[in-house]
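Contents: one structure, followed by commentary.
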Amino acid sequence: MSNLPVISFRALEQVFAAADGRPVHALKGMSFEIGRHEFVAVLGPSGCGKSTLLRLIAGLLKPTQGQVAIYDRVVTEPRDEIGIVFQRPTLLPWFDVLGNVTFPMRHKYGHVGENELERARKLLTLVGLADFQHKRIDELSGGMQQRVAIARALLLDPDILLMDEPFSALDALSRDEMSFELLRIWTQSPKTVLFITHSIPEALLLSDRIIVMTSRPGSIREIIDVPFARPRSMSTFSEPQFHELANHIRSQLFSRPVAV
Amino acid sequence: MNSRTISAASCSRARLRSEVKAAAGIGVFVLTWLDRGLPFIAIVVLLLFWEGAARLFAIPSFLLPAPSAILAAAIAVPPGIWFGHIWATLRVALMGFGLAMAVSIPLAVCLASSKFLSRTVYPLLVVVQSTPIVAVAPIIVVTLGAGDLPRVVITFLITFFPIVVSTVTGLQSTPEELIELSRSLRAGRKREILHIRLPFAVPHIFSALKISTTLAVIGAVVAEFVAAEKGLGFFIAFSTSNFRIPTAFAGLVILVAISLSLFQAVSFVQRRFVGWSLPKAKQ
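Sequences listed follow chains A and B, in order.
In terms of this note's numbering, the first sequence has 154 at position 150, counting the first letter as 1, and numbering is strictly consecutive.
In terms of this note's numbering, the second sequence has 7 at position 6, counting the first letter as 1, and numbering is strictly consecutive.
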């Protein structure tokens with residue numbers, strides 16, 4: 005069981021119809037396997053199909069070709085093993101913080117029991133918002149809202165966490181802070197994570213492996229094994245290999261040399 | 002000796018400071034109330050101007066009666082008569098408004114969730130909306146006969162469209178991510194509408210309801226112009242035909258008051274029950 009890949013996709017291909025009816029290749033020939041409790045970052049230029057990949061794994065889209073499997077079962081519809089954190093927190097303004105964290109339970113089963121409330125409170129403690137349970141959403145900063153969204157994604161205890169550029173809407177300082185927060189949360193509550201980003205330092209700091217993608221049609225350019233020991237911290241940024249790898253990835257992302 | 006002068010000086014300075022502070026306090030107090038009372042003051046000034054102009058230029062009361070003449074005309078009508086007319090109009094307006102809400106919101110849910118319905122029914126709604134209801138009103142009265150029913154239907158026809166359009170807009174303004182969250186939980190279509198789409202439409206629905214309160218009063222009055230023996234619309238038409246213009250104006254003032262009260266009532270319900278849907282500054 006432990007050697008079984010948690011997520012695997014084979015020869016994945018996605019074609020959309022553009023507004024004028026012409027086919028647009030979003031993804032082409034993507035094959036990859038993600039192991040248990042592995043943290044994989046997907047890095048690529050805008051519009052390279054990163055979000056499409058996430059939605060295919062989540063079962064929100066059907067692939068044109070190829071297939072996605074979770075625990076060796078082909079994904080045909082959304083599955084309980086998955087929690088999603090989006091780019092925007094998209095919380096519900098008519099609920100307080102606790103109401104937002106328990107929302108998946110209310111939405112899926114129609115009621116929220118004492119157990120879930122207790123679990124939601126624990127998750128709020130985990131994301132550092134124990135004292136904010138009854139705050140209104142518009143009283144929270146962008147970073148705090150994204151913490152609520154992470155707690156919401158963890159409520160139903162998914163094995164897999166899919167994160168779609170979760171910190172890209174935050175300012176630079178909150179962004180670094182949230183990266184370390186995510187590392188802490190992931191250490192305390194290990195999950196298999198697929199983390200989509202267009203930030204090279206973020207990908208290097210967080211992940212075990214990085215999928216570097218080509219632009220449209222998106223395909224795998226390179227897989228990078230991130231060598232830094234865990235637990236990682238601020239000092240990870242100053243490892244000699246960090247800049248080397250960052251420069252390497254940058255040269256992979258920009259196919260043409262960039263004028264200075 | 003020396004120390005006594007110093008203490009006297011500092012004492013008087015302290016008194017001066019506290020007096021300045023008190024004066025500033027009164028100033029702020031007056032300004033705050035002036036700011037709050039400004040709309041009221043504007044209305045009073047307008048009325049005084051109106052009264053002055055009517056007297057100064059001796060405007061005949063059948064052209065533009067002075068506020069005092071309107072007040073006198075209003076008092077001349079016995080309260081029982083007033084209440085009869087007010088109740089007749091208010092009842093029709095409220096029933097039409099209620100019917101519009103009861104029909105429009107479920108209809109909007111159907112339109113927003115079915116492409117087929119929105120392609121077929123929506124154009125029909127636009128045709129109904131484009132028809133001048135005032136012109137259709139006599140036909141409706143002939144078809145549906147006397148009584149409240151034709152009036153409620155006319156009110157409904159004038160009122161329902163903004164509610165449908167706003168609700169559809171609101172239902173479709175839900176962030177795509179939340180719909181994906183709902184689908185990833187496999188919560189089902191019904192819960193997606195009840196738990197996510199409808200609450201997201203609440204601010205839009207309330208904007209439309211506020212507009213519709215005024216439309217409901219217009220609808221009721223139009224219906225009474227066509228055929229009625231009671232109600233403020235009938236009262237105004239009847240007074241005008243007898244050249245009792247100040248009395249007609251008194252009826253008009255009461256109609257405005259009804260419109261404003263209904264608007265305030267909807268605002269109150271929104272503040273009280275769905276306060277989150279208001280812009281932040283207004284809570």
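Using N, Cα and C, we set each Cβ at its ideal position, and we do this for glycine too.
Nonlocal neighbours in the same chain, by C-beta distance under 7 angstroms from residue i, ignoring five residues either side
| i | result |
| --- | --- |
| B:S240 | T248, A249, G252 |
| B:F235 | E225, A229 |
| B:I255 | I87, L233 |
| B:C111 | L118 |
| B:I212 | P163 |
| A:Y75 | L8, V10 |
Rounded separation between residue i and residue j - CA only
| i | j | result |
| --- | --- | --- |
| B:Q265 | B:F161 | 19 angstroms |
| A:A15 | B:V122 | 44 angstroms |
| B:E193 | A:S35 | 33 angstroms |
| A:E185 | B:L158 | 56 angstroms |
| B:L100 | B:T170 | 20 angstroms |
| A:V116 | A:L187 | 29 angstroms |
| A:G63 | B:T175 | 21 angstroms |
| A:T22 | A:I215 | Residue 22 of chain A is actually Ala in this sequence, not Thr. Going by the C-alpha atoms only, they are around 26 angstroms apart. |
| B:R273 | B:V203 | 13 angstroms |
| A:E85 | A:L31 | 24 angstroms |
| A:T80 | A:I11 | 14 angstroms |
| B:R56 | B:A258 | 26 angstroms |
| A:Q150 | A:P93 | 5 angstroms |
| B:I292 | B:T144 | In this structure chain B extends from 2 to 284, so residue 292 of chain B is not present and cannot be described. |
| A:L160 | A:I88 | 11 angstroms |
| A:A134 | A:L96 | 19 angstroms |
| B:P200 | B:I206 | 10 angstroms |
| B:V127 | B:I140 | 20 angstroms |
| B:I76 | B:S69 | 11 angstroms |
| B:V227 | B:I82 | 20 angstroms |
| A:A250 | B:S105 | 57 angstroms |
| B:S183 | A:R254 | 36 angstroms |
| A:L102 | A:L158 | 13 angstroms |
| B:V135 | A:E17 | 59 angstroms |
| A:A141 | B:V137 | One point to set straight first is that residue 141 of chain A is Ile, not Ala, in the sequence displayed. C-alpha separation (whole angstroms): 48 angstroms. |
| B:V166 | B:V267 | 18 angstroms |
Residue i classed as buried or exposed, judged by whether at least 16 other C-beta atoms fall within 10 angstroms
| i | result |
| --- | --- |
| A:H138 | exposed |
| A:I227 | exposed |
| A:M148 | buried |
| B:K283 | Note that B:K283 has pLDDT 44, beneath the 50 cutoff, so the model's placement of it is unreliable and the number below is only indicative. That one is exposed. |
| A:H111 | buried |
| A:L47 | buried |
| B:G97 | buried |
| A:D168 | buried |
| A:T56 | buried |
| B:R245 | buried |
| B:R198 | buried |
| B:A38 | Note on identity: in this sequence residue 38 of chain B is Gly, with Ala being the wrong assignment. B:G38 comes out exposed. |
| A:P67 | buried |
| A:T240 | buried |
| A:A207 | buried |
| B:G26 | exposed |
| B:V220 | Going by the sequence as given, residue 220 of chain B is Gly instead of Val. When all chains shown are included, B:G220 counts as buried. |
| A:M238 | exposed |
| B:L49 | exposed |
Close Cβ partners of residue i (< 6 angstroms) along its chain, the five nearest in sequence each way excluded
| i | result |
| --- | --- |
| A:E120 | T106, M109 |
| B:A54 | none |
| A:D229 | R213 |
Any non-hydrogen atom of the ligand MG within 6 angstroms of residue i CB
| i | result |
| --- | --- |
| A:A153 | With respect to the ligand MG, the structure offers nothing, as it holds no ligand at all. |
Partners in chain A for residue i, counting only beta-carbon separations shorter than 8 angstroms
| i | result |
| --- | --- |
| B:E181 | R59, A62, L64, I88, F90 |
| B:P200 | L96, W98 |
Amino acids of chain A, ordered along the chain, whose beta-carbon sits closer than 9 angstroms to that of residue i
| i | result |
| --- | --- |
| B:S213 | The contacting residues do not exist; B:S213 stays about 22 angstroms from chain A at best. |
Proximal chain B residues relative to residue i, where beta-carbon distance stays under 8 angstroms
| i | result |
| --- | --- |
| A:T94 | P176, E178, L179, L182 |
| A:P82 | R184, S185, L186, R187 |
Residues near residue i in its chain [Cβ-Cβ closer than 8 angstroms; skip 5 each side]
| i | result |
| --- | --- |
| A:S50 | H202 |
| B:K190 | Looking at the sequence provided, one finds Arg at residue 190 of chain B rather than Lys. For B:R190, where only same-chain residues beyond five positions count, the Cβ hits under 8 angstroms are S114. |
| A:Q91 | D168, E169, P170, S172, A173 |
| A:P194 | H41 |
| B:V129 | L158, F162 |
Listed by chain order, chain B residues near residue i by CB distance under 7 angstroms
| i | result |
| --- | --- |
| A:H111 | S183, L186, A188, R192, H196 |
| A:P97 | W277 |
| A:P108 | L186 |
Contacts that residue i makes with chain A (C-beta to C-beta distance below 7 angstroms)
| i | result |
| --- | --- |
| B:P280 | Neighbours of B:P280 on chain A: none; closest Cβ ~10 angstroms, over 7 angstroms. |
(Q) Suppose only complete runs of 3+ residues qualify. What are the beta strand (DSSP E) ranges in the stretch 154 to 216 of chain A, listed by chain order? (A) Taken in chain order, the complete beta strand (DSSP E) segments of 3 residues or longer contained in the stretch 154 to 216 of chain A are 164 to 168, 196 to 201.
Q: Would you list, in sequence order, the uninterrupted alpha helix (DSSP H) runs of no fewer than 4 residues that lie entirely inside the stretch 48 to 131 of chain B?
A: 68 to 77, 80 to 114, 116 to 131, all fully within the stretch 48 to 131 of chain B.
Q.
Suppose only complete runs of 3+ residues qualify. What are the beta strand (DSSP E) ranges in the stretch 193 to 234 of chain B, listed by chain order?
A. None, since the stretch 193 to 234 of chain B contains no complete beta strand (DSSP E) of that length.
Q: Can you check the stretch 30 to 92 of chain A for any beta strand (DSSP E) of at least 3 residues that lies completely inside it and give the ranges in chain order?
A: DSSP runs (the beta strand (DSSP E)) wholly in the stretch 30 to 92 of chain A: 43 to 47, 69 to 74, 86 to 89.
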